[in-house]
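Here is the structure we will look at.
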Amino acid sequence: MKKLVDGELLLKPIRFRDKAQWDSVRAVNRDWLSPWEATRPNIDHKSALPSYYGMVMQLNREMRALRSISLGVWLNENKDQVLIGQITLGGIIFGAMRGAHIGYWIDQRFANRGYTTRAVKLLTKFGFEQLRLHRIEINLRPENEASKQVAIKAGFLLEGARNNYLHIAGDWRDHVTFVKENPVIK
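Each residue of the sequence shown is one higher than the one before, counting from 13 in my numbering.
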């Protein structure tokens with residue numbers, strides 16, 4: 013996959029040469045993102061998080077295998093591309109299920125401007141039209157009102173709750189599931 017474009021918004025794979033921007037954005041947003049980001053349960057002490065380069069290699073492997081597509085969210089400003097977040101179409105399943113889930117984060121300095129909703133719509137369109145997926149989910153913490161609004165504005169409908177669904181901020185957290193189905197795939 014090369015890139016997905018919506019006006020000045022660009023979704024494209026994160027590369028090795030993006031490390032400086034990645035490190036900068038993540039450092040500025042550490043406190044803002046930590047209540048919402050997945051953590052690893054204390055089950056296997058040997059599985060440390062990969063380095064930036066290891067992460068990029070893993071993302072590329074997963075994308076080639078069509079198991080997960082993780083893209084940087086970039087904003088074209090003048091002639092520069094500014095990294096403002098990341099979005100993933102993960103858990104891709106073909107066959108009878110034919111679905112996936114979307115996760116995302118946005119730089120706080122660019123929040124509440126519609127960029128995340130546009131990125132979700134763009135990646136959903138790709139999942140439905142190019143991958144011919146039937147169903148895409150967004151799972152989020154019930155108290156994350158901003159993320160709820162992204163899901164709703166992107167046309168996802170509340171389906172239900174999942175108790176102790178994902179390990180976030182050091183514990184298993186409840187989530188609500190929003191779903192969008194491909195109107196073409198019946």
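By construction, the Cβ of each residue, glycine as well, lies at the ideal position given by its N, Cα and C atoms.
Review point. Could you check where the beta strand (DSSP E) with residue 147 kicks off and where it finishes?
Key: Residue numbering aside, residue 147 sits at position 135 when the sequence shown is read from its first letter. Note, residue 147: beta strand (DSSP E), 147-152.
Check your understanding: What does residue 185 pair with, by DSSP beta-bridge criteria?
Key -> As a working note, residue 185 is residue 173 in the sequence shown. Partner(s): 178.
Check your understanding: If you drop the 5 nearest sequence neighbours on each side, which residues of the same chain put their C-beta closer than 6 Å to that of residue 163?
Key -> As a working note, residue 163 is residue 151 in the sequence shown. Same-chain partners within the cutoff: 150 and 190.
Check your understanding: For residue 106, which three-state DSSP category applies?
Key -> The count along the sequence shown starts at 1 and reaches residue 106 at position 94. Reduced to three states, the DSSP call for residue 106 is coil.
Exercise for review: Using 10 angstroms around the beta-carbon of residue 91, count the other beta-carbons present and answer buried if the total reaches 16, otherwise exposed.
Suggested key: Against the sequence shown, residue 91 aligns to sequence position 79. In summary, residue 91 is exposed, with fewer than 16 beta-carbon neighbours lying within 10 Å of its beta-carbon over all protein chains present.
Exercise for review: Taking all protein chains shown into account, decide if residue 40 is buried (16 or more other Cβ within 10 angstroms of its Cβ) or exposed.
Suggested key: Reading the sequence shown from its first residue, position 28 is the one you call residue 40. By the neighbour-count rule (16 or more Cβ atoms within 10 Å), residue 40 is not buried but exposed.
Review point. Hey, quick one: how far does the alpha helix (DSSP H) through residue 3 stretch, first residue to last?
Key: Since the first residue of the chain shown is 13 and the last is 198, residue 3 is not available in this structure.
Exercise for review: Look at the Cβ atom of residue 134, then the Cβ atom of residue 23, and state whether they are nearer than 8 Å.
Suggested key: As a first step, residue 134 must be located in the sequence shown, where it is residue number 122. As a first step, residue 23 must be located in the sequence shown, where it is residue number 11. Yes, Cβ-Cβ distance for residue 134 and residue 23 is below 8 Å.
Check your understanding: Who does residue 192 pair with in a DSSP beta bridge?
Key -> Counting from 1 along the sequence shown, the entry for residue 192 is found at position 180. Bridge partners of residue 192: 148.
Practice item. From the DSSP output, in three-state form, read off residue 118 for me. Key: Working through the sequence shown from its first residue, we reach residue 118 at position 106. Residue 118: strand per DSSP, three-state reduction.
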